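Remember, the working numbering sits 6 above the position in the sequence shown when you count from 1.
Worksheet: the structure to be examined is printed underneath.
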Amino acid sequence: MSKDTLVIGASLKPDKYSHKAVLQLLAHGHFVKAIGIKAGNISTVTVQTDTPLFSDINTITLYVNPTNQKPYYKYIIETNPQRVIFNPGTENAELQQLLNENNIKWEEACTLVLLSLNKF
């Protein structure tokens, strides 16, 4: 079953984990949306620099450090995903509390590992 996933912090640089995550999500049949600092493409996915409100996002996976997450708080809540994944280095108690208050599930995990284990 395909799940719409939004990658926040997507990088156009192939050596970055967020870039690899976009490619692996596609390889596993997921529909992917991406937001990053620089506009461009990762395979068939357009990386946007603004924050369009996507509908039907199942998962948001974060590749932005906690300090840089603050501008996305309201956006993440408004997107209302089923869950948010905090990849290593993105753990953020303040945002996790906001997610709890809005009944949005979250987990501290690695998107690439979850995909490799078929547990995404």
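Ideal Cβ placement from N, Cα and C applies to all residues, glycine included.
What you are looking at is a predicted structure, and each value in this text was computed from that prediction instead of being measured.
Scanning its chain for C-beta atoms nearer than 7 angstroms, with the 5 sequence neighbours on each side dropped, one finds around residue 26 the residues 118, in chain order. CA-to-CA, the gap between residue 90 and residue 50 works out to about 23 angstroms. When C-alpha distances from residue 44 are compared across 37, 38 and 53, the shortest belongs to 53. Comparing alpha carbon positions, the residue from 116, 115, 75 and 94 closest to residue 104 is 75. The beta carbon of residue 37 is closer than 8 angstroms to those of 8, 9, 10 and 11 in its chain, skipping five residues each way along the sequence. Close CB contacts of residue 115 within its chain, under the 8 angstroms cut and outside five residues either way in sequence, are with 91, 92 and 93 (chain order).
Straight-line spacing of the CA atoms in residue 87 and residue 40 works out to 14 angstroms.
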